[in-house]
């Protein structure tokens with residue numbers, strides 16, 4: 009896959025799947041040490057976030073991505089638990105990002121190529137699980153809130169990829185996902201905001217099918 013286009017697509021996935029951009033091997037998993045230094049109020053907030061995520065089995069919506077260089081891209085996403093999600097960038101970007109529950113594929117529709125990575129090596133493994141538990145499944149380093157947002161800070165580490173910081177923001181009243189920002193080991197930020205979230209409709213399971221033969225057809 010063309011390196012520039014692949015990186016453009018991976019920027020969004022990198023917010024949730026940080027090590028893919030660095031091709032961390034299966035032998036270098038994310039560090040997910042249990043959270044230890046949070047107080048009772050912070051832990052209670054995480055439990056409420058867990059409850060919200062675990063109540064949602066399917067979701068669709070729109071996203072707006074702001075890259076480290078200020079470039080803005082938009083698109084749609086579709087989620088179906090367990091393990092399945094799809095990000096589609098609006099034209100002119102040809103990139104699609106798809107998880108089928110076992111692997112994550114980065115597709116370039118124009119070049120008819122795709123790269124595949126194991127879902128188990130990404131933070132999507134717990135965000136798309138049937139039962140999310142941020143207290144056990146992620147290395148949460150801080151939780152804080154105001155009248156609008158509840159913010160969770162997660163650090164993910166691998167020997168190969170270094171340390172990524174993931175900041176996820178939820179509504180302070182309904183705990184609905186609002187936006188997230190990833191800071192890569194070089195200190196560059198990428199932010200994605202989601203809107204028009206709809207959890208009342210189940211996406212077509214065919215949206216999450218990966219062609220492992222890589223026999224994609226260019227339009």
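Residue numbers (our numbering): 9 to 227.
Heads up, the beta-carbon is just placed ideally off N, CA and C, and yes, glycines get one too.
Just so you know, these numbers come straight off a predicted model, no measurement behind them.
| Item | Value |
| --- | --- |
| Beta carbon of residue 66 nearer than 8 Å to that of residue 89 | yes |
| Residue 129 - DSSP class collapsed to helix/strand/coil | helix |
| Endpoints, the alpha helix (DSSP H) within which residue 145 is located | 142 to 145 |
| In chain order, each alpha helix (DSSP H) run of at least 4 residues that lies wholly inside the region 132 to 214 | 132 to 135, 142 to 145 |
| CB of residue 202 within 8 Å of CB of residue 46, strictly | no |
| Start and end residues, alpha helix (DSSP H) containing residue 49 | 48 to 63 |
| Those residues which DSSP pairs with residue 80 across a bridge | 74 |
| Touching by the beta-carbon criterion (3+ pairs, under 8 Å), the region 63 to 78 and the region 169 to 180 | no |
| Beta-carbon proximity list for residue 205, same chain, < 8 Å, skipping 5 on both sides | 67, 68, 69, 184, 185 |
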